[in-house]
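A.B. asks: Handing you this structure, nothing more for now.
Protein chains: 2
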Amino acid sequence: MTTDVTRNVATMRGLSSRLRPLTKVLPEHARAHNRSLVLQHLFHEGPTSRADLARATQLTRVTISDLVSALIAEGLVEELGVRPGQRVGKPAILVGMRTSAYQIVAVDLTDDMEMRGAVMSLNGAIVVRSQLNIEGRTGADLVDLLARFIRGLIASATQPVLGVGIGSPGVVDPEGLVVEAPNRRWFDVPLAADLADRLGLPVHVANDANIAALAEFTFGNADGDGFMIVTVGQGVGAGVVVDGSPMRGYRNAAGEIGHVTVLAEGGLRCACGRDGCLETVLAVPALRSATAGLSTQDSDAALASAGRLLGTALAPVISALNLSEVLLSGPAELLDGPLRETALEVIRDRTMPAVNAGLTFRMASLDEDVVLSGAAVLVLSGQLGVS
Amino acid sequence: MTTDVTRNVATMRGLSSRLRPLTKVLPEHARAHNRSLVLQHLFHEGPTSRADLARATQLTRVTISDLVSALIAEGLVEELGVRPGQRVGKPAILVGMRTSAYQIVAVDLTDDMEMRGAVMSLNGAIVVRSQLNIEGRTGADLVDLLARFIRGLIASATQPVLGVGIGSPGVVDPEGLVVEAPNRRWFDVPLAADLADRLGLPVHVANDANIAALAEFTFGNADGDGFMIVTVGQGVGAGVVVDGSPMRGYRNAAGEIGHVTVLAEGGLRCACGRDGCLETVLAVPALRSATAGLSTQDSDAALASAGRLLGTALAPVISALNLSEVLLSGPAELLDGPLRETALEVIRDRTMPAVNAGLTFRMASLDEDVVLSGAAVLVLSGQLGVS
DNA sequence: CCCCCTTAGTAAAGGGGGTCTACTAACAAA
DNA sequence: TTTGTTAGTAGACCCCCTTTACTAAGGGGG
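If you read the sequences in order, they're chains A and B.
According to the working numbering, the first sequence is numbered sequentially starting from 1.
According to the working numbering, the second sequence is numbered sequentially starting from 1001.
Structure (structure tokens):
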């Protein structure tokens, strides 16, 4: 046998990193991947014939038939009859994802005062919506309350529940351990494992801003090549998606941009104990108080000034990562005007053309249910490999 | 088995992204991955017994034996005799990577005046070194010169050459197309494809700062969970590695941090045509002229002031990505003092504890051959899946 | 010294996974 | 009709890893 070293080897990116335990790949993993490929296509493109699936995935029609029949057996996919329209050859049978066959329970814990939840269909549509006042509960009490809340949601589901997704503030590790969420008094709380235990269902937990980014990627039309969403509410958070997957950070704290100092001196005291954080000028309360009772002109100037600081903070990030989009999520009446425009101006001023030429800076396309949608994506991608 | 060739197989992460064409995974890809796993382990951990490889990779001893014998047949791996030391059971036979069986040709095009090249063994040791004055050549001329230069290096190799790696300034796409490298007058030059054609060898090209990051990851001890290297030379560049893989950016311009504006007003004119870029204060010429003829104290102050600007620019990036390390690469007498210390101080001041607590900010561990090492990693990872 | 135990490495059978080839089904157009 | 085209499936085959069982080669205790 002659040497054959001149070939390019498939390194499945990330897997060959020496950091995470080196992980073997088996044929069945390939199978799972290809299965996800099919679901992914059906999810985003809608009903498709097997032959078209084969063309789209580069798999053979035989393999696709096999995968599809397995998915049909699982109840995730169904035949939808012959494709309408006249063309040559045997008519194609469309198969589609049964988006109503399962449901997802999603919870948004962003708000300090209440938890918001929903039962959603697989395509992200909200079927049942519910909220519950937290009444100052924290720590284990809050976990108990959350468990009851979720049980209620599960009970109101009209289809089998695929899993539970939760968006929480604070630092959350990939296993759903809440490392720290000070306002909830959660420190190293194994939220996902705990709830999965109690509920007997798969539970996925992640940072709220991070999954907002996921939601914009999956349900919005954000460019997965690299974009960032800045969420403006009681606080300021961010989520970064690069190459279709969300940045995590070495201690799971990626996106914590609200506490970057943007005012070297004269900044207000921030909840985090330091002065001049971005949050002290960009969070909704800050913007409201900065514009309260001002003339339109003065209020616009105040918003522009916040935008200037935002732009200054974002310019280096956009340059370092060569992002293609920045999304703003939050009250449009505050964000989608002088603030956004000024931020973009500043970013253009402070970055090189190669970086800012293709950049778009716009409002997020999803509304206040972003985090719920993100929680749904968490479940979709965790359980079905779809995103 | 002859040339099974330039089959460029998919990368696993990002495969599920709906952006790039959905790519199937086959059992043989799993095989290739596992093969890389073995090489990866031998590369980083040194000689290992088959049984230990099985434990490390979670594959069975049978599979490992099979993979190893294939690697031995390819000449990439060899048996090294019985493992020394007494213990129970049948003595283990160590197998190791034949790092001297093949060689790599690496070229560093960072410098405006000369190209630097080397023949390296698979473990990154430089066997032959060579440089060539560019004499103002640009464009196609420069490509011709480069081809001749590389041919010379190949001729001086003492072992079969695995491939050619090139670090170029400018924007380079994943296929080795130099999108733009203004100083070289290269615009959309398919450098990798062109040279591969002429040389009959696999050629990999990437941005110099980006592969410097790769080098620190592979040969240094940078934390692949997330770090960034800032290269300070005639210009200022950066490379970001997250989860073991380098950031690319949606237009392959990730790391272009040298042209972020850091001086809103009063900045010097930059080569890029704008004012107050980081490069105008941090590049080596700028630092030298800022410190020339000054007392130690004044010079230190000047360096600290550059450090302050660097820290200010990096703080948002570190926060957004939750990086664990920042490396500085360049002349230590300029960088490794007040500049670095001040930058770190500023970063600590301007980021929240959860982000800066675990952060280290240090000089890169590789010397002026970083880019050459990075070029070697390019080949190693492209041809063998090792990094 | 012998027996037992442990560890290393291999051979053979088996099963999952995808492709290739060949076939049927079902239509449009000539 | 006949011809050509497209959709979908069946069977044979190859790749790849695992399970099971076996051999090889040591240590240690009685």
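Glycine residues also receive a C-beta, built at the ideal position from the N, C-alpha and C atoms.
Check the Cβ-Cβ distances between residue 378 of chain A and every residue of chain B, and say whether any is below 9 angstroms.
C.D. replies: no
A.B. asks: Which bits of chain B does residue 257 of chain A rub up against, with CB to CB less than 7 angstroms?
C.D. replies: Per Cβ cutoff of 7 angstroms: 1316, 1319, 1320.
A.B. asks: Alpha helix (DSSP H) containing residue 1349 of chain B: first to last residue?
C.D. replies: 1338-1350
A.B. asks: If you draw a straight line from the C-alpha of residue 119 of chain A to the C-alpha of residue 383 of chain A, how long is it?
C.D. replies: 16 angstroms
A.B. asks: Should residue 1369 of chain B and residue 1126 of chain B be called a contact, given that it needs their Cβ atoms to be closer than 9 angstroms?
C.D. replies: yes
A.B. asks: When Cβ atoms are compared, which residues of the region 346-360 of chain A fall closer than 7 angstroms to chain B?
C.D. replies: Per Cβ criterion, the list reads 349, 350, 351, 352, 354, 355, 358.
A.B. asks: Quick check: residue 162 of chain A and residue 379 of chain A, are their CB atoms within less than 9 angstroms of each other?
C.D. replies: Yes.
A.B. asks: Ends of the beta strand (DSSP E) at residue 1114 of chain B?
C.D. replies: Where residue 1114 of chain B is concerned, the enclosing beta strand (DSSP E) starts and stops at 1114-1121.
A.B. asks: Helix, strand or coil, according to DSSP, for residue 318 of chain A in the structure here?
C.D. replies: helix
A.B. asks: Are the CB atoms of residue 391 of chain A and residue 331 of chain A nearer to each other than 9 angstroms?
C.D. replies: The shown model of chain A, from 1 to 387, leaves out residue 391 of chain A, and the question about it has no answer.
A.B. asks: Kindly list, in the order they appear in chain A, the residues whose Cβ is closer than 8 angstroms to that of residue 1092 of chain B.
C.D. replies: Those within 8 angstroms of residue 1092 of chain B in chain A number zero; the least Cβ separation is about 19 angstroms.
A.B. asks: Please confirm whether residue 26 of chain A and residue 59 of chain A have their CB atoms less than 9 angstroms apart.
C.D. replies: no
A.B. asks: Can you list, in chain order, the stretches of the beta strand (DSSP E) that have 3 or more residues and sit fully within the region 1194-1250 of chain B?
C.D. replies: As far as the region 1194-1250 of chain B is concerned, its whole beta strand (DSSP E) runs of at least 3 residues are 1203-1207, 1226-1232, 1236-1242.
A.B. asks: Could you compute how far the alpha carbon of residue 1211 of chain B sits from the alpha carbon of residue 1377 of chain B?
C.D. replies: 8 angstroms
A.B. asks: Fully enclosed by the region 100-178 of chain A, which alpha helix (DSSP H) runs are 4 residues long or longer?
C.D. replies: 139-156
A.B. asks: Considering residue 1093 of chain B, what are the terminal residues of the beta strand (DSSP E) in which it resides?
C.D. replies: 1093-1097
A.B. asks: Can you give me the C-alpha to C-alpha distance between residue 1 of chain A and residue 1074 of chain B, rounded to a whole angstrom?
C.D. replies: Any answer about residue 1 of chain A is weak, because its pLDDT of 32 lies below 50 and its placement is not dependable; what the coordinates show is given next. Approximately 8 angstroms between the Cα atoms of the pair.
A.B. asks: Identify, in the order they occur along the chain, each residue of the same chain with its Cβ nearer than 8 angstroms to the Cβ of residue 192 of chain A, setting aside the five sequence neighbours on each side.
C.D. replies: 166, 175, 176, 177, 203, 204, 205
A.B. asks: Within the continuous beta strand (DSSP E) that includes residue 1384 of chain B, where are the two ends?
C.D. replies: Where residue 1384 of chain B is concerned, there is no enclosing beta strand (DSSP E), given that its DSSP letter is neither H nor E.
A.B. asks: From residue 188 of chain A to residue 1184 of chain B, what distance separates their C-alpha atoms?
C.D. replies: 53 angstroms
A.B. asks: Taking a Cβ distance cut-off of 8 angstroms, strictly less, list which residues of the region 51-67 of chain A are near chain B, in chain order.
C.D. replies: Flagged, chain order: 56, 57, 58, 59.
A.B. asks: Output, in sequence order along the chain, the residues in the region 24-40 of chain A whose CB is closer than 8 angstroms to any CB in chain B.
C.D. replies: 24, 25, 26, 27, 29, 30, 33, 34, 36, 37, 40
A.B. asks: Considering only the alpha carbon of each residue, which of B:1108, B:1047, B:1067 lies closest to residue 1375 of chain B?
C.D. replies: B:1108
A.B. asks: Count the other CB atoms, across all protein chains shown, that sit within 10 Å of the CB of residue 352 of chain A; report buried if there are 16 or more and exposed otherwise.
C.D. replies: A residue is called buried when at least 16 other Cβ atoms come within 10 angstroms of its Cβ; residue 352 of chain A meets this threshold and is buried.
A.B. asks: How many Å lie between residue 1213 of chain B and residue 1254 of chain B at the Cα?
C.D. replies: If you draw a straight line from the Cα of residue 1213 of chain B to the Cα of residue 1254 of chain B, it comes to about 12 angstroms.
A.B. asks: Does the beta carbon of residue 1223 of chain B sit closer than 9 angstroms to a beta carbon anywhere in chain A?
C.D. replies: yes
A.B. asks: Output the boundary residues of the alpha helix (DSSP H) element that contains residue 1282 of chain B.
C.D. replies: 1279-1282
A.B. asks: With distances taken from CA atoms, which of B:1358, B:1314, B:1362 is nearest residue 251 of chain A?
C.D. replies: B:1358
A.B. asks: Return the CA-CA distance between residue 111 of chain A and residue 142 of chain A, expressed in angstroms with no decimal places.
C.D. replies: 13 angstroms
A.B. asks: By Cβ distance, which residues of its chain are closer than 8 angstroms to residue 1270 of chain B, with the 5 residues on each side in sequence left out?
C.D. replies: 1259, 1276, 1277, 1279, 1280
A.B. asks: Count the C-beta pairs between the region 1214-1224 of chain B and the region 281-291 of chain A that are closer than 8 angstroms, then say yes if the count reaches three, no if not.
C.D. replies: No contact exists between the region 1214-1224 of chain B and the region 281-291 of chain A.
A.B. asks: Taking C-beta pairs closer than 7 angstroms, name the residues in chain A that residue 1249 of chain B reaches, listed in chain order.
C.D. replies: 226, 321, 322
A.B. asks: At a CB distance below 8 angstroms, what residues from the region 1168-1193 of chain B approach chain A? Give them in sequence order.
C.D. replies: 1171, 1180
A.B. asks: Relative to the C-alpha of residue 1102 of chain B, which residue among B:1307, B:1080, B:1045, B:1157 is closest?
C.D. replies: B:1157
A.B. asks: In the DSSP assignment, what residue or residues form a beta bridge with residue 269 of chain A?
C.D. replies: A:275
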